[in-house]
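Since the structure comes first, as structure tokens, the remarks are kept for the end.
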Amino acid sequence: MSGPTPQTYDVLIVGGGGAGSSAAQTLVRQRHTVKVFDTQKYRFDPSYILHGLTAADGLSPKEYISKIHSELSDYVDYSVSSVEIVKIEKVDTLFQATDKAGKTYLGRKVILAQGVSHIFPALEGYEAAWGKGIFHNLFSQGYYANPVTGHAGVLGMDLMTMPQFTLHLCHLSNQLASAVTIYTNGNTNLTAQLEPSLVNKPWKTDNRKIKNVALKTAGQPPMVITFEDGTTVTEDFIGHAPISKLNGADFAQQLGLEINQAGDYAIFGPFQETSVKGVYAAGDNMTMFKALPNAVASGAQAAAGVAVALQEEKWGLPPVFG
Numbered sequence: 001m002s003g004p005t006p007q008t009y010d011v012l013i014v015g016g017g018g019a020g021s022s023a024a025q026t027l028v029r030q031r032h033t034v035k036v037f038d039t040q041k042y043r044f045d046p047s048y049i050l051h052g053l054t055a056a057d058g059l060s061p062k063e064y065i066s067k068i069h070s071e072l073s074d075y076v077d078y079s080v081s082s083v084e085i086v087k088i089e090k091v092d093t094l095f096q097a098t099d100k101a102g103k104t105y106l107g108r109k110v111i112l113a114q115g116v117s118h119i120f121p122a123l124e125g126y127e128a129a130w131g132k133g134i135f136h137n138l139f140s141q142g143y144y145a146n147p148v149t150g151h152a153g154v155l156g157m158d159l160m161t162m163p164q165f166t167l168h169l170c171h172l173s174n175q176l177a178s179a180v181t182i183y184t185n186g187n188t189n190l191t192a193q194l195e196p197s198l199v200n201k202p203w204k205t206d207n208r209k210i211k212n213v214a215l216k217t218a219g220q221p222p223m224v225i226t227f228e229d230g231t232t233v234t235e236d237f238i239g240h241a242p243i244s245k246l247n248g249a250d251f252a253q254q255l256g257l258e259i260n261q262a263g264d265y266a267i268f269g270p271f272q273e274t275s276v277k278g279v280y281a282a283g284d285n286m287t288m289f290k291a292l293p294n295a296v297a298s299g300a301q302a303a304a305g306v307a308v309a310l311q312e313e314k315w316g317l318p319p320v321f322g
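For the sequence shown, position 112 (counting from the first letter as 1) is numbered 112 according to full-length UniProt numbering, and the numbering increases by one without interruption.
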């Protein structure tokens with residue numbers, strides 16, 4: 001004898017961070033039922049304080065998430081479970097999500113907002129300093145450096161071995177500090193490619209091999225770089241963007257979603273629909289601009305498109321946005 005049929009939600013949202021929560025709030029304000037699956041693991045967890053998000057500047061990650069949950073808990077159409085979804089499949093006209101314990105959930109639409117995680121370079125001390133003294137988003141972090149006397153470093157490793165990205169981090173760093181050193185970690189080819197672009201700028205390269213990096217005292221910047229020859233330098237902060245990968249199960253394979261060249265979900269149209277109708281993406285998993293304010297905005301954007309699609313289908317109307 002089969003059990004009771006699970007409730008059918010208007011929208012299943014995988015991920016309860018900035019993007020997923022923003023999507024949920026947008027949808028419940030239009031009286032759509034949503035189910036959010038939140039593993040309570042967020043990319044901004046290593047940061048002591050969040051910056052750059054209006055009305056949340058200066059909050060700790062824990063305070064920010066607590067504020068989100070407090071706001072959303074007032075809505076009767078909002079439901080959240082702290083579970084990990086391991087499978088999503090199409091079942092007739094609906095989508096079925098299955099969590100790690102085997103429980104299933106049905107929804108008319110899906111928003112994937114599970115974010116990404118980083119693959120850190122093989123450099124001793126990097127992971128411990130990530131989000132505290134090593135930053136990829138200099139609109140959010142690094143503001144504490146002195147723009148007149150401060151000094152910043154940029155790591156020319158992994159993605160940052162592409163000169164255009166290395167120089168991108170250089171000029172952003174130079175807005176916050178008076179001078180910038182690019183540490184190429186023995187990559188003489190990168191050094192040669194960069195040199196013509198450094199003329200008449202307060203930027204230089206250092207080609208020494210790096211042994212390790214570390215926060216100077218008690219988990220706080222500045223950063224100390226130790227080279228293989230035993231010498232050290234101190235930087236107010238280090239700029240670097242590590243490689244990222246999609247979080248969670250392989251939903252792309254399960255649902256047949258197209259992946260772009262950066263390894264993120266390919267999106268189409270103004271509301272970030274994926275290559276599969278009814279499945280949308282929001283947050284860090286569909287853009288190279290992986291930052292909390294952008295994630296929040298994209299969550300609301302995707303949710304607006306989902307709400308419109310649900311209501312057009314309800315009333316048998318043609319799509320107004322194509």
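C-beta atoms are modelled at their ideal positions from N, C-alpha and C, and glycine is treated no differently.
Selected residue, minimal CA-CA separation from residue i, among the options
i, options, result
"S298", "H69, G107, I111, S47", "I111"
"V213", "F237, Q311, L53, L198", "F237"
"S22", "A309, F95, A303, G316", "A303"
"I65", "L246, G20, A177, Q254", "G20"
"W130", "V180, Q7, I49", "I49"
"L176", "P202, D77, T191, E273", "P202"
"R43", "Q272, N247, H168", "N247"
"N189", "T287, N174, D206", "D206"
"K204", "T217, T166, I225, T226", "T166"
Neighbourhood of residue i by C-beta, 8 angstroms cutoff - its chain only, sequence neighbours within 5 removed
i, result
"A307", "T26, L27, Q30, H32"
"E228", "R208, K209, I210, K211"
"T54", "P293"
"P318", "E312"
Where the beta strand (DSSP E) containing residue i begins and where it ends
i, result
"Y78", "78-81"
"V224", "220-227"
"A145", "No beta strand (DSSP E) contains A145, which DSSP labels as neither H nor E."
Nonlocal neighbours in the same chain, by C-beta distance under 6 angstroms from residue i, ignoring five residues either side
i, result
"F120", "Y126, E127, P242"
"G133", "L215, P221, M223, F237"
"N260", "A266"
Per-residue burial, residue i [other beta carbons within 10 Å of its own, 16 or more giving buried]
i, result
"T231", "exposed"
"H136", "buried"
"Y144", "exposed"
"G150", "buried"
"E235", "buried"
"F321", "exposed"
"D38", "buried"
"V91", "exposed"
Residue i - containing alpha helix (DSSP H), residue span
i, result
"W315", "292-315"
"A179", "Per DSSP, A179 belongs to no alpha helix (DSSP H); it is in the beta strand (DSSP E), 179-183."
"A252", "251-255"
heavy atom of the ligand SAM below 7 angstroms from residue i C-beta
i, result
"G316", "For the structure depicted, the ligand SAM is absent and the ligand set is empty, with no information on it obtainable."
Contacts around residue i, its chain only, beta-carbon distance under 7 angstroms, and the 5 residues preceding and following it disregarded
i, result
"N187", "G156, T161"
"L72", "S21, A24, Q25, Y78"
"L257", "F251, Y265, T274, S275, V276, V279"
"P46", "W130, G131, K132"
"P6", "T104, Y105, L106"
*asked:* Which complete alpha helix (DSSP H) runs does the UniProt domain "FAD/NAD(P)-binding" (9-132) hold, if anything under 4 residues is left out?
replied: 18-28, 61-72, 126-129
Discussion item. Just to confirm the assignment: which complete alpha helix (DSSP H) runs, minimum length 4, are found wholly within the segment 149-203?
Written reply: 163-174, 188-194
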